Amino acid sequence: TSGYDFRRIQERWLPLWDQMKPFSTDTSDDTRPRKYVLDMFPYPSGDLHMGHAEAYALGDIIARYWRLQGFNVLHPIGWDSFGLPAEGAAIKRGIDPREWTYDNIAQQRSSMRRYATSFDWDRVIHTSDPEYYRWNQWLFLKLYEKGLAYRKASWVNWCPFDQTVLANEQVVDGRCERCDNVVVKKKLTQWYFKITDYADRLLDDLNQLEGRWPSKVIAMQRNWIGRSVGADVDFTIEGRDEPVTVFTTRPDTLFGATFMVVAPDSELAAELAAGSTPEVQVAFADYLAQVQKSTEIERQDAAREKTGIPLERYAINPVNGERIPVWTADYVLADYGHGAVMAVPAHDQRDLDFARTFGLPVKVVVDVTAPITGAIPVVTPEMLENPDAVRDLASIDPSVTGEALAGDGRMINSGPLDGLSKQHAIRRVIELLEEAGTGRAAKTYRLRDWLISRQRYWGTPIPILHTDDGREIPVDESELPVALPPSEGLDLQPKGTSPLGAASDWVNVTLPDGTVARRDPDTMDTFVDSSWYFLRFLSPNDEDQAFDTAMAEKWAPVDQYVGGVTHAILHLLYARFITKVLFDLGYVNFTEPFSALLNQGMVLMDGSAMSKSRGNLVRLSDQLDEFGVDAVRLTMAFAGPPEDDIDWADVSPAGSAKFLARAWRVANDVTSEPGVAFGSGDVALRRATHHLLADVPGLVESFKFNVLVARLMEHVNVMRKAIDSGVGGADPAVREAAEVLAILLSLFSPYTAEDMWATLGHEPTVALQTLPKADPRLLVEESVTAIVQVDGKVRDRLEVSPQIAPDELEALARASDAVQRAVGAREVVNVIVRAPRVVNIATRR
Ligand code: ANZ
Numbered sequence: 009t010s011g012y013d014f015r016r017i018q019e020r021w022l023p024l025w026d027q028m029k030p031f032s033t034d035t036s037d038d039t040r041p042r043k044y045v046l047d048m049f050p051y052p053s054g055d056l057h058m059g060h061a062e063a064y065a066l067g068d069i070i071a072r073y074w075r076l077q078g079f080n081v082l083h084p085i086g087w088d089s090f091g092l093p094a095e096g097a098a099i100k101r102g103i104d105p106r107e108w109t110y111d112n113i114a115q116q117r118s119s120m121r122r123y124a125t126s127f128d129w130d131r132v133i134h135t136s137d138p139e140y141y142r143w144n145q146w147l148f149l150k151l152y153e154k155g156l157a158y159r160k161a162s163w164v165n166w167c168p169f170d171q172t173v174l175a176n177e178q179v180v181d182g183r184c185e186r187c188d189n190v191v192v193k194k195k196l197t198q199w200y201f202k203i204t205d206y207a208d209r210l211l212d213d214l215n216q217l218e219g220r221w222p223s224k225v226i227a228m229q230r231n232w233i234g235r236s237v238g239a240d241v242d243f244t245i246e247g248r249d250e251p252v253t254v255f256t257t258r259p260d261t262l263f264g265a266t267f268m269v270v271a272p273d274s275e276l277a278a279e280l281a282a283g284s285t286p287e288v289q290v291a292f293a294d295y296l297a298q299v300q301k302s303t304e305i306e307r308q309d310a311a312r313e314k315t316g317i318p319l320e321r322y323a324i325n326p327v328n329g330e331r332i333p334v335w336t337a338d339y340v341l342a343d344y345g346h347g348a349v350m351a352v353p354a355h356d357q358r359d360l361d362f363a364r365t366f367g368l369p370v371k372v373v374v375d376v377t378a379p380i381t382g383a384i385p386v387v388t389p390e391m392l393e394n395p396d397a398v399r400d401l402a403s404i405d406p407s408v409t410g411e412a413l414a415g416d417g418r419m420i421n422s423g424p425l426d427g428l429s430k431q432h433a434i435r436r437v438i439e440l441l442e443e444a445g446t447g448r449a450a451k452t453y454r455l456r457d458w459l460i461s462r463q464r465y466w467g468t469p470i471p472i473l474h475t476d477d478g479r480e481i482p483v484d485e486s487e488l489p490v491a492l493p494p495s496e497g498l499d500l501q502p503k504g505t506s507p508l509g510a511a512s513d514w515v516n517v518t519l520p521d522g523t524v525a526r527r528d529p530d531t532m533d534t535f536v537d538s539s540w541y542f543l544r545f546l547s548p549n550d551e552d553q554a555f556d557t558a559m560a561e562k563w564a565p566v567d568q569y570v571g572g573v574t575h576a577i578l579h580l581l582y583a584r585f586i587t588k589v590l591f592d593l594g595y596v597n598f599t600e601p602f603s604a605l606l607n608q609g610m611v612l613m614d615g616s617a618m619s620k621s622r623g624n625l626v627r628l629s630d631q632l633d634e635f636g637v638d639a640v641r642l643t644m645a646f647a648g649p650p651e652d653d654i655d656w657a658d659v660s661p662a663g664s665a666k667f668l669a670r671a672w673r674v675a676n677d678v679t680s681e682p683g684v685a686f687g688s689g690d691v692a693l694r695r696a697t698h699h700l701l702a703d704v705p706g707l708v709e710s711f712k713f714n715v716l717v718a719r720l721m722e723h724v725n726v727m728r729k730a731i732d733s734g735v736g737g738a739d740p741a742v743r744e745a746a747e748v749l750a751i752l753l754s755l756f757s758p759y760t761a762e763d764m765w766a767t768l769g770h771e772p773t774v775a776l777q778t779l780p781k782a783d784p785r786l787l788v789e790e791s792v793t794a795i796v797q798v799d800g801k802v803r804d805r806l807e808v809s810p811q812i813a814p815d816e817l818e819a820l821a822r823a824s825d826a827v828q829r830a831v832g833a834r835e836v837v838n839v840i841v842r843a844p845r846v847v848n849i850a851t852r853r
C-alpha cells in the first residue's frame, strides 16, 4: 500500500457515499429510538467559512455518535435564503436576488458534501422557495385569525441606510445590527406579532431549559423579556377627566412621591402641555425638539445630566390626597410602563438626581437603618416611638448626600404602612389601592410586540389585501402561496416603501365579488421563516400542510440544537413563541422547540475575529486543500471545549493530519482476518480498548470532544507499541483496537475512518456501525495493594481484588503472619476496614 494520502481517500469515498445515501432518514422507522440533531441552517452569503466548519463539525459529531449508538437520527439541513444581502447583491449587479441566492446555495451545498457532513440530502429546504414560504403565509393567517397578527401605527426603529424598519432586537446600542448606522424613530403603520401575550410563558418555561441550554442564553432571554413586578397606581390630574396611571416596582414608597414625570415624546405629555399656559406650550415644544435629537442610549444613560420642564399641571396622590407637580423629562421613556412615573426622590436615584437639579422636595419614607428581622415583622409601639429608629437618618439624608436610599427598612411617614418592612408594605398598599379602586398589582415587560413587516422585496409577501375603504381581507388559504412577482422591472433600491408596491399587475386584485383591492406590499421579517423551519424538515415536500402533526409528535422537539450564540435572543425567542402558538392551536404537543442547546465558540485568528478588512481571514477552502477535510474537522474538535473560541493561530491542522496518518497505518498493520474472535487477544490491549469504550458516552454526551480525541491519540500510541513489541499485528486484540478506533474516528474524520474500515476488510460504511459495548470484565483492575496497619504501623501488604468485600479483607488481614506477630498476645479492640486499600487494627496496650 502507498502511504496515507487524504486526497486519494476523499476521492475514493465521497462518490460512494453520494451513491449510498447513508444518512437519508426513514422517519417512519419506529423500531429504533429517535434523535433529532439540528444545526442552525445557514444564510447563503457566499461559500462556507471557518465558522461554519466549526459549527457543522460539532453538530456532525453529535449526529454520528447517536447513529453509532443505534438511534434513528434525523440530521437535516436547509437554507435561510430570504433577506437583505441577496437584495443588496442584486442591486449592485443588476441581477435577480434569486440568481445570487441559489448560486450561493449550490456552492455551500457542494462544500458541505465535501466536508462530509452527515446531512440528509433528501430533506433540503430553502425558505425562499414558494413551496416553503407559502407556509409562512399560512402561519401568518393563523396568527391573524387569533388576533396575534395586527397592524398599528407607531414609532418604529428606522435604519436610514437600509431604509427599513428594524425590530427592537435588531437595534444594538442604538445602531442597526446589520450596517451599524444610528437608528432613528419614524412613525409608520406596520404589522406586528403579539409576542407580548406570551411574555409570562416565555419567561416561566425557561425553567424547563435550565441545565440543558447554556445558562448565559437563558439569562439573556430572561433579561430581554424583562419582567418587572409591582403596581399600577392611578393619579387624578386636575383639569383632566381621566386619571393618569403610573407603573412602579415600589408602591411601598407611594407616600414619598413628591412629583410626577411624564415622557416628553408621549401623547400624554403633549396633551398635558396643550392644556397648560401658552408659556408652557412654547417651552414644551422646544424641549421636545431637543429630546428628539437624542438617542435611546443617551436617554437611558443614568449618569447623564437631568433635563426637563414643569408642565404646571398637578396630580393628586391617591393615598394621601397630596397635590404634586407634573413635570416632563426625557429620563422617562414613552414606551415603557405607561410612559409616566411617580417620582420618589428619597428612594430612587434618577428621581433624586432630577429633584436635586430642579430643587424639588425629597421625602424619606423608608427608614433603612431600622433592622428587618424574621419573615413577619413584629411592630411594637415602642419601636414606632423610639427616636433611635430614625437616629442615623439625618446623616444619610438623600437631599444632602445625593445618594438615594434604595435598601429595605421600616416604613415611616407613611400613615397605615408605618412600621412595615418593604415586602409587607408593598402587599399592604396594593390591598389599600385595590380597595379604593385607585390601583392594582401589575407587571411590566421590556419585551415589545414583534414588528414583522419589512419594506423590501426579497421576503415572504404578507397575505393580506387592502380595500379602498380601509378593510383588511386575508387571502384565502386555497390561494396560497402569494408568490413574489419577478424582480424584473422593479426598482429594488431602498426608498422607504416596498418595491412590491410598484408591481401593479401583482398589487391590484379584483375579488370574485368585484371588490377592488391592493395586496399588502410588505414582506415578512426573515425570522418568521426560521421560527418554525425545524418542523418542516419532518415532511419537507408536503404539499398539503406546513408540517405533519403526527411526525412532529414523534420527532419534535429537537433533541439537540447546535448554533452560534449570536442567536441567543432573537431567533430562539421567536421560535419559542411560534412553538407556543402552534401548541395553543393544537398543531404540536410540546411547548419548547429545542430541548438542548449547544453554542459553539467562534473561530478567531490571532485573538480577534477574522475579517477581510483586518487581513486575517483564513479561507476554509485553502485549509481543506492543504490539510484535508478530516484534519480540519479533527482540529475543530480537538481545539478545546466546543463553547470556547478557537484561535486558528494556536491550533495545528498539520498535527491533526500527522495523527490521522498514524491511525491509518495501524489499521494497515492488522494482519488477522475480519470476524476473528477477540477473546484470545492480548489482555492488556483489550483492557485499554474497553476502558476507552466505557468512557465514550460520558465524554461525547457532555461535549468533551477534545478529550475524546486525546484519548484516541493515546489509543493509537498503545496500539503502535503493542504491534511493535511482541504482541504483533496478527493478535486479535490489535484488530479489535483498530476496529474501535475506526468507528470512533468516524465521528471526527469520516474519510480516514472509512478507509481504515475498508482496510480492515469491512464493507462501507463505518458510520452505520454499532459502537461495541465495553466488556465489564475487562474494566476491573486485576489487583490492588491493601495495606494493613497495627496500631498505626504498616505491618503487611496484601494483593487483593479491587472488588473485595470488607469482611473478606479483614479476614485476610487477621490471617497474615506479620499481623499476628505484631498483635501478639494483646487484645484487638477495633478494626477499621476501607476496602480494598486499608485495614487498621487497634489493640489494647
Ligand atoms: C417609584 C419608585 C420608587 C420606583 C423607587 C423605583 C424606586 P424596572 O425595574 O426597570 O421595571 N419607571 C416606570 N416607568 C418608567 C418609564 N416609562 N421610564 C423610566 N422609568 C420608569 O423599573 C421600574 C421603575 O422604573 C418604576 O418604579 C418607576 O420608578 C420607573 F424607590 O416608581 B419606580
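Reading the sequence shown from the start, the letters are residues 9 to 853 in UniProt numbering. Where is the CB? At the ideal position from N, CA and C, for every residue including glycine. These numbers come from a predicted model, not from an experiment.
Determine contact between the stretch 468 to 485 and the stretch 146 to 153, defined as no fewer than three beta-carbon pairs at a distance below 8 Å. yes
Rounded to whole angstroms, what's the CA-CA distance from R258 to A444? Just pull it up for me. 18 Å
Is it buried or exposed, A383, if we count other Cβ atoms within 10 angstroms and call 16 or more buried? Legend: pLDDT at A383 = 42, less than 50; position of this residue unreliable, value from coordinates given subsequently. So A383 counts as exposed.
Is DSSP giving L488 helix, strand or coil here? coil
L342 to K194, Cα distance in whole Å? Note that residue 342 corresponds to Ala in the displayed sequence, not to Leu. Answer to the nearest angstrom: the Cα atoms are 14 Å apart.
Spatial distance of V742 from E722 (CA atoms): 14 Å
Which of helix, strand or coil DSSP assigns to F201: strand
Using CA coordinates, which residue listed in T409, V837, F555 is at the minimum distance from Y140? F555
Within 10 angstroms of its Cβ, does S126 collect 16 or more other Cβ (buried), or is it exposed? buried
Relative to the ligand ANZ, is the shortest distance from any of its heavy atoms to the C-beta of L753 smaller than 7 Å? no
For the ligand ANZ, I want to know if T256 counts as a neighbour, meaning its beta carbon is within less than 7 Å of at least one of the ligand's heavy atoms. yes
Counted within 10 angstroms of its Cβ, other Cβ atoms place P385 as buried (16 or more) or exposed: The pLDDT assigned to P385 is 44, lower than 50, so where the model puts this residue is not dependable, and the model offers no usable value.
Determine the extent of the alpha helix (DSSP H) in which G663 is found, giving its start and end residues. 661 to 676
Indicate the three-state DSSP secondary structure (helix, strand or coil) for M48 in the structure shown. coil
Beta-ladder partner(s) of Q568, from DSSP: V45
Restricting to Cα atoms, I'd like to know which of R321, G800, Y12 is closest to W335. R321
What first and last residue would you give for the beta strand (DSSP E) that runs through D242? 235 to 245
In the structure shown, what three-state DSSP assignment does Q171 receive? coil
Under DSSP, the alpha helix (DSSP H) around Q608 begins and ends at which residues? Q608 -> not in any alpha helix (DSSP H); beta strand (DSSP E) instead, spanning 605 to 608.
Alpha-carbon to alpha-carbon, P489 and D528: 14 Å
Comparing C-alpha positions only, which one of W514, S664, V192 sits nearest to D181? V192
In the DSSP output, what is A161 paired with across the bridge? T197
L441 versus H346 - alpha carbon distance: 18 Å
Taking Cβ to Cβ, would you say T261 is nearer than 8 Å to V374? yes
From the DSSP output, which residues share a beta bridge with Y453? R235
Would you please state the rounded distance, in angstroms, between the beta carbons of G648 and N714? I believe it to be under 8 Å. 6 Å
I'd like to confirm the pairing. Which residues does DSSP put opposite F602 in its beta bridges? V566
I need the straight-line Cα distance from A161 to L196, nearest angstrom please. 5 Å
Just to confirm the assignment: which complete beta strand (DSSP E) runs, minimum length 3, are found wholly within the stretch 287 to 365? 317 to 324, 331 to 336, 348 to 351
Sub-8 Å separation of P93 and S53 beta-carbons: yes
Closer than 7 Å to a non-hydrogen atom of the ligand PLP - does that hold for the CB of M350? With respect to the ligand PLP, the structure offers nothing, as its ligand set consists of the ligand ANZ.
Three-way DSSP call (helix, strand, coil) for W466 in this model: coil
Identify the residues that DSSP records as bridge partners of L82: which are they? Y44
Is any heavy atom of the ligand ANZ found at a distance shorter than 7 Å from the C-beta of G247? no
Provide the residue span of the alpha helix (DSSP H) that contains T760, from first to last. 758 to 767
For S710 and N848, the rounded distance between their alpha carbons: 39 Å
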